[in-house]
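Below is one structure; the comments refer to it alone.
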Amino acid sequence: MDAFDLFRKLGSGAKFDLKRFGKDAQRFKVGLNAKHITTSTYGRLLLRETQGIYVNLRPEMLPHDIPDPISTFEELQKEYDLDPRIVQNIKAAGFQTPTPIQMQAIPLMMLKREILASAPTGSGKTMAFCLPLLAHLRQPLNKGFRALIISPTRELATQTHRELLKLSDGVGFRVHMINKGVEAVKKYGPKTAKKFDILVTTPNRLIYLLNQDPPAINLSSVEWLVVDESDKLFEEGKTGFREQLATIFLACTSPKIRRVLFSATFATDVEQWCKLNLDNLVCVNIGPRNSAAETVEQQLLFVGSENGKLLAMRNLIKQGFLPPVLVFVQSIDRARELFHELVYEGINVDVIHADRTQQQRDNVVSSFRSGKIWVLICTALMARGIDFKGINLVINYDFPTTAVEYIHRIGRTGRAGHKGKAYAPWQSIANVIKKAGCPVPDYMIGLKKIKR
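The numbering of the sequence shown is full-length UniProt numbering, which starts it at 1 and goes up by one.
Okay, structure coming up:
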């Protein structure tokens with residue numbers, strides 16, 4: 001029995017004795033109604049603490065403006081009237097209890113709050129925003145798109161689209177994804193019957209449709225706008241996304257619009273943007289900011305030189321390994337080079353990067369998921385959001401430029417509570433690894449950067 005189960009048992013059926021402690025409640029102006037009291041609010045506060053859930057409010061907001069975290073998926077049906085078929089789909093997918101980000105983000109969205117949520121990779125963020133969307137939409141309507149999800153890559157959009165289809169199975173929601181701009185103009189144009197509910201897309205494809213004359217898509221019925229992996233879209237070198245997001249915001253003209261942003265890492269510029277543009281923002285962080293998941297066993301390898309990387313890689317292959325394995329490199333050229341080195345090592349290896357066609361990338365992803373490919377070499381394209389089931393090992397052949405990118409890379413393993421390993425032949429990330437509770441040699445912590 002872990003702490004979560006213990007507190008749930010201790011808090012079960014607990015009630016606040018208003019007759020006995022009414023004066024105390026009045027003295028401290030506890031803003032709780034009977035519904036909150038009978039669901040054991042104090043046990044929920046302990047639950048929030050034990051799960052590492054941190055909630056930051058605007059100065060004008062009070063703590064009781066924040067709903068209690070949920071502890072079971074059944075609560076969504078009882079308290080928020082979630083369709084029982086969706087609850088059944090959750091169970092059928094093997095999810096027994098909510099993850100920390102789901103515990104707090106879901107009730108916030110159910111109360112139509114605008115949030116900025118940050119949680120480690122593999123912690124269930126996709127379901128954290130998908131379930132409230134499905135609950136609010138309730139049933140299919142011929143009003144056009146009522147929910148819009150923006151993803152940084154087509155691969156992540158495809159994954160989110162697939163997740164929504166599984167969760168809404170049997171309910172009848174029409175979940176769409178923009179594949180080709182020309183076809184989308186005909187499919188979503190002003191003369192269509194508006195028989196769709198949820199749209200998942202990348203920003204560029206959506207902007208293409210909005211820039212048509214007249215606009216080839218109508219977003220006036222959108223009630224929820226979700227930006228997934230928001231820090232990726234806001235990162236340095238992608239300032240144009242702010243203008244794209246402004247265009248999308250202006251197209252979503254419904255007075256009911258609510259906006260939420262999710263990411264695995266915390267970025268100050270994203271928070272500042274949200275404070276300026278969102279209403280009564282609530283920030284939710286799971287665990288320390290910009291930390292790696294504890295389910296990933298991290299290890300630093302000293303390789304000495306560039307040639308040492310390839311030697312270490314070949315030694316790993318000779319020693320034997322348990323696939324599937326993801327190998328990250330810093331550029332397309334490096335991906336090609338490593339592929340040509342490993343293709344003769346007798347292992348099923350392939351490579352994925354932005355220069356390959358969409359069909360080639362889809363085929364590689366499909367083969368990797370099915371186990372036909374054991375080792376997949378990739379660039380940063382695949383470091384965000386893609387959820388391959390059961391990745392056993394992540395190798396940072398070339399080290400990322402930032403600690404944030406490192407966190408996203410190793411987050412491809414150790415997902416949904418499963419254990420995983422991550423190797424890195426570098427010392428600059430030693431503090432991140434040590435912070436996650438993994439062993440790091442003292443000499444690596446003490447190494448000074450070489451001045452160039």
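Even for Gly, the Cβ is constructed at its ideal location relative to N, Cα and C.
Predicted model, so just to flag it, every value in this text is computed and none were measured.
Query: Using a threshold of 8 Å, state whether the C-beta atoms of GLU114 and LEU281 are closer than that.; Result: yes
Query: From the DSSP output, read off the bridge partner residues of MET177.; Result: VAL200
Query: Please give me, in chain order, every unbroken run of the alpha helix (DSSP H) with length at least 4 that falls completely inside the stretch 241-286.; Result: 268-277
Query: Apart from the five residues on each side of it in sequence, which residues of its chain come closer than 7 Å, Cβ to Cβ, to CYS274?; Result: LEU116, LEU261, LEU281
Query: Should GLU243 go down as buried or exposed, given a rule of 16 or more other Cβ atoms within 10 Å for buried?; Result: exposed
Query: So THR160 and ILE149 are in contact, right, with Cβ under 8 Å, and what is the actual spacing, rounded?; Result: 6 Å
Query: When you compare only the Cα positions, how much space is there between LYS143 and PHE196?; Result: 8 Å
Query: Counting only the same chain and skipping the five closest in sequence on each side, list residues whose C-beta sits under 8 Å from that of ARG85.; Result: ASP169, GLY170, VAL171
Query: So, under 8 Å CB-CB, LYS245 and LEU326 are touching, yes? Tell me the CB distance rounded to an integer number of Å.; Result: It should be pointed out that residue 245 corresponds to Leu in this sequence rather than to Lys. That pair is no contact at about 30 Å.
Query: Just the C-alpha distance for VAL390 and PHE368, rounded to the nearest angstrom, thanks.; Result: According to the sequence provided, residue 390 is Gly. The question's Val does not apply to it. So the two alpha carbons sit approximately 11 Å from each other.
Query: So if DSSP puts LEU116 in a beta bridge, which residue, or which two residues, is it bridged to?; Result: LEU261, CYS283
Query: What is the DSSP secondary structure of LEU165, counted as helix, strand or coil?; Result: helix
Query: From what residue to what residue does the beta strand (DSSP E) around PHE328 run?; Result: 325-328
Query: Buried or exposed: which applies to PRO324, given that a residue is buried once 16 or more other Cβ atoms fall within 10 Å of its Cβ?; Result: buried
Query: To the nearest angstrom, report how far apart VAL349 and LEU342 are at their CA atoms.; Result: 7 Å
Query: Are VAL226 and ARG146 close, meaning C-beta to C-beta below 8 Å?; Result: no
Query: Do you know offhand how far LEU301's Cα is from PRO400's?; Result: 15 Å
Query: What number of angstroms, rounded off, separates the C-alpha of GLU183 from the C-alpha of THR265?; Result: 35 Å
Query: Buried or exposed: where does SER331 fall if 16 or more other Cβ atoms within 10 Å of its Cβ makes it buried?; Result: exposed
Query: Given that a residue counts as buried once 16 or more other Cβ atoms are within 10 Å of its Cβ, and exposed if not, what is PRO255?; Result: exposed
Query: Please tell me whether ALA267 and PHE234 are closer than 8 Å, where the distance is taken between their beta carbons.; Result: yes
Query: Look at the Cβ atom of VAL284, then the Cβ atom of VAL55, and state whether they are nearer than 8 Å.; Result: yes
Query: Which residue marks the beginning of the beta strand (DSSP E) containing VAL394, and which one marks its end?; Result: 393-396
Query: I believe THR152 touches GLU271 by the beta-carbon criterion, under 8 Å. Please report the beta-carbon distance rounded to the nearest angstrom.; Result: In the sequence as presented, Thr is not what sits at residue 152; that position holds Pro. In fact, because the Cβ distance is near 18 Å, the residues do not count as touching under 8 Å.
Query: Go through its chain and collect everything with a Cβ distance to ILE257's Cβ below 7 Å, but skip five positions before and after it.; Result: VAL222, GLU223, LEU225
Query: Tell me the DSSP bridge mates of TRP224?; Result: ALA147, ARG258
Query: Report yes if the C-beta distance between THR247 and LEU210 is below 8 Å; otherwise report no.; Result: yes
Query: According to DSSP, is ASP231 helix, strand or coil?; Result: helix
Query: By a C-beta neighbour count over all protein chains shown, 10 Å radius and 16 as the cutoff for buried, is PRO214 buried or exposed?; Result: exposed
Query: Give the straight-line distance between the Cα atoms of PHE129 and THR99, rounded to the nearest whole angstrom.; Result: 12 Å
Query: Between PRO69 and GLN104, what straight-line distance do the alpha-carbon atoms span, to the nearest angstrom?; Result: 5 Å
Query: Could you work out which residue in PHE249, ASP81, ASN396 is closest to GLN139 when comparing CA atoms only?; Result: ASP81
Query: Starting from the C-beta of CYS378, find all residues in its chain whose C-beta is less than 8 Å away, skip the five residues before and the five after it, and write them out in chain order.; Result: LEU326, VAL327, PHE328, VAL329, ALA335, VAL351, ILE352, HIS353
Query: Where do the ends of the alpha helix (DSSP H) carrying LEU108 lie?; Result: 100-110
Query: With which residues is CYS378 paired in a DSSP beta bridge?; Result: PHE328, ILE352
Query: Please name the residue or residues paired with VAL55 in a DSSP beta bridge.; Result: VAL284
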